[in-house]
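Notes for the one structure printed next.
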Amino acid sequence: MFEIFQKWTPANRRFLAIGLAMTISAQMIFLVTEYLNSLWPLWFGNPIILETRPIDPRSLFRGNYVQLNYAISDISKDLTREDFKPGEVGYVSLKDEDGIFIATALQREKPETGIYIRGRVKKVNQGLRLRYGIEAYFMPKEKALKTEQSVRQGAHAEVYLLTSGKAAIAKLICTTGDC
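Position 113 of the sequence shown, counting from 1, maps to 596 under my numbering, and the rest follow consecutively.
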């Protein structure tokens, strides 16, 4: 099998080595970029607190996590003048109400001022259901099971927002104490 490689000229071997190095480098750059992209809001974003509504803490395929739903995930059609379809991107304007941020408006274009979060419309019924990319919070198995119970009794998420509307969860805050 390796006889084929012995017949290659030094130029062919050099070409193969350069190709392999470029392929590996491109993959590493992609992975590092994705990792840094997920940390960007935590480093440069502004913190807000959102009310959470838990769903389920485990997935056989994704590991242990607390799956979260937010009060701002369900938007009344009264908060928008536009018609949205599933899959479309929208920006939810947020207002601080006693330390917890609530939705005040939904629009297609990024607001020029104020605090807002970028989401994607998942369902349209009497209202709209949006996802923000912060619906799962990963942790060790024992802690995920304990946190599930605490979150069901009430919790909030500290979320960091970039000016683009991109969000990342920093931590969960349970009303019963430690999450």
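Built from N, CA and C at the ideal position, the CB exists for glycine as well. These numbers come from a predicted model, not from an experiment.
Check: With DSSP run on the structure shown, which of helix, strand or coil describes F567?; Outcome: coil
Check: Could you have a look at K668 and say whether DSSP puts it in helix, strand or coil?; Outcome: No information on residue 668 is available, as it lies outside the stretch 484 to 662 that the chain covers here.
Check: Rank A500, I532, F513, I507 by C-alpha distance to the C-alpha of K654 and give the top, closest one.; Outcome: I532
Check: Among the candidates I656, D561, A640, T658, whose CA atom is the shortest distance from the CA of A650?; Outcome: A640
Check: Looking at the unbroken beta strand (DSSP E) that takes in A651, where does it start and where does it end?; Outcome: 650–657
Check: Near P623, what residues of its chain come up, given a Cβ to Cβ distance below 7 Å and the 5 sequence neighbours on each side ignored?; Outcome: N547
Check: For S647, which residues of its own chain have a beta-carbon under 7 Å away from its beta-carbon, when the five flanking residues on both sides are left out?; Outcome: R601
Check: Rounded to the nearest angstrom, what separates Y599 and G616 at their Cα positions?; Outcome: 14 Å
Check: Just the C-alpha distance for A627 and V634, rounded to the nearest angstrom, thanks.; Outcome: 10 Å
Check: In this structure, does DSSP put N547 in helix, strand or coil?; Outcome: strand
Check: For M505, is the beta carbon positioned less than 7 Å from some heavy atom of the ligand FMN?; Outcome: Absence of the ligand FMN is noted for the structure shown, with no ligands found whatsoever.
Check: Could you round the C-beta distance between Y518 and R536 to whole angstroms and report it? I think they count as a contact, below 8 Å.; Outcome: The Cβ separation is near 29 Å, so there is no contact.
Check: Pull up the distance between the alpha-carbon of D561 and that of P569, whole angstroms please.; Outcome: 18 Å
Check: Taking buried to mean at least 16 other C-beta atoms within 10 Å of its own C-beta, is S462 buried or exposed?; Outcome: Residue numbering for the chain in the displayed model covers 484 to 662; residue 462 lies beyond these limits and cannot be assessed.
Check: M505 to M511, Cα distance in whole Å?; Outcome: 10 Å
Check: Straight-line CA distance for T630 to C662?; Outcome: 5 Å
Check: For a minimum of 3 consecutive residues, which ranges assigned as the beta strand (DSSP E) are wholly contained in the stretch 572–620?; Outcome: 572–580, 583–590, 598–607, 610–614
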